[in-house]
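Under the working numbering, the residue at position 76 of the sequence shown is numbered 147, and the numbers go up by one with no gaps. Glycine included, each C-beta is placed from N, C-alpha and C at the ideal position. All of these numbers come straight from a predicted model, not from anything done at the bench. The block underneath contains the structure these notes are about, expressed in structure tokens.
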Amino acid sequence: MPSSAPLPVTSIPPALGWLTSGLRITDPRPAVHACIDLEQPQLGIRIAGPTAVAGDTLLGVDLRSRGQLTDHWLRGGDVTAVYESDDARRLRTTVMWRLHPAGETIRAWELVVSAQTALAQSDSVLAVVSEADAPNCLWGTCRDGAVVWQPDATAAATCVLFQRGGPAHPAASSVLVATHPGEARRIAVERHGQRAVVECWIFSSAIEKGVLLRSRVLAAIGPTTGDLEWASGLATAFSASEPMLTA
Numbered sequence: 072m073p074s075s076a077p078l079p080v081t082s083i084p085p086a087l088g089w090l091t092s093g094l095r096i097t098d099p100r101p102a103v104h105a106c107i108d109l110e111q112p113q114l115g116i117r118i119a120g121p122t123a124v125a126g127d128t129l130l131g132v133d134l135r136s137r138g139q140l141t142d143h144w145l146r147g148g149d150v151t152a153v154y155e156s157d158d159a160r161r162l163r164t165t166v167m168w169r170l171h172p173a174g175e176t177i178r179a180w181e182l183v184v185s186a187q188t189a190l191a192q193s194d195s196v197l198a199v200v201s202e203a204d205a206p207n208c209l210w211g212t213c214r215d216g217a218v219v220w221q222p223d224a225t226a227a228a229t230c231v232l233f234q235r236g237g238p239a240h241p242a243a244s245s246v247l248v249a250t251h252p253g254e255a256r257r258i259a260v261e262r263h264g265q266r267a268v269v270e271c272w273i274f275s276s277a278i279e280k281g282v283l284l285r286s287r288v289l290a291a292i293g294p295t296t297g298d299l300e301w302a303s304g305l306a307t308a309f310s311a312s313e314p315m316l317t318a
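Structure follows, in structure tokens:
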């Protein structure tokens with residue numbers, strides 16, 4: 072059933088940005104304790120603390136090799152890290168985690184990944200991985216400015232929504248992971264008991280020297296009550312934005 076209810080969006084104040092302690096980066100916004108260890112990009116944003124979402128990991132980057140952190144910097148709501156692969160692909164991956172504006176009860180982040188190589192041609196495929204404990208999963212497809220949700224996997228899906236709880240658990244939360252329909256991607260979900268793992272595969276084509284590939288993935292945590300509305304609002308706005316340019 073399509074859902075396109077407007078999402079109340081609040082801007083991130085200019086003074087609000089990631090907090091840093093060495094290579095450990097922390098989201099300063101309340102309600103959800105989220106942090107990044109730049110030496111473990113595969114874990115992405117880790118959710119900790121006594122909340123129901125503790126243990127979630129969002130927007131991790133599977134470099135498919137042991138990538139070496141060669142540079143990093145922080146600028147307001149953006150934290151950027153550069154990784155060099157140690158395999159034959161000679162891939163340099165730049166990862167930026169961005170604080171994304173959302174409603175008061177929602178915490179959202181955007182991941183921007185770019186890849187380039189020093190070789191004449193190389194394999195550029197990477198995976199953006201998120202994990203959450205959630206019994207239910209809905210697949211969403213953007214159509215005519217709205218998101219159509221269904222319980223079955225579909226190749227046309229641009230987002231997934233993990234639900235936990237329901238009307239009987241008003242404090243329960245849901246997790247949205249969304250890709251951009253204008254950028255090459257494939258979404259796969261695996262189950263390990265109650266643990267759900269979503270992989271967003273990006274850069275499906277080979278990369279040549281001098282070419283820079285870019286792609287984005289969005290993730291958000293919000294209340295299960297009304298989750299179809301807020302998740303649809305975020306996913307619709309994300310899909311309506313201009314796709315990343317490839318140089």
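Pairwise C-beta distances place the stretch 269 to 278 in contact with the stretch 182 to 195, as three or more of them are shorter than 8 angstroms.
Within a 10 Å sphere around the beta-carbon of ALA159 sit fewer than 16 other beta-carbons, which makes this residue exposed. Under a 10 Å Cβ-count criterion, SER201 is classified as buried, with 16 or more other Cβ atoms of the shown protein chains found around its own Cβ.
Counting along the chain, ALA191 sits inside no beta strand (DSSP E), nor does DSSP assign it H or E at all. Counting only runs of 4+ residues, no alpha helix (DSSP H) is found wholly inside the stretch 91 to 171. In the structure shown, TRP89 adopts coil according to DSSP, grouped into three states.
Residue range 284 to 294 is occupied by the beta strand (DSSP E) that includes LEU284. By the neighbour-count criterion, in which a residue is buried when 16 or more other Cβ atoms sit within 10 angstroms of its Cβ, TRP180 is buried.
In the structure shown, SER312 adopts coil according to DSSP, grouped into three states.
The straight-line gap separating the alpha-carbon atoms of PRO252 and CYS106 is approximately 28 angstroms.
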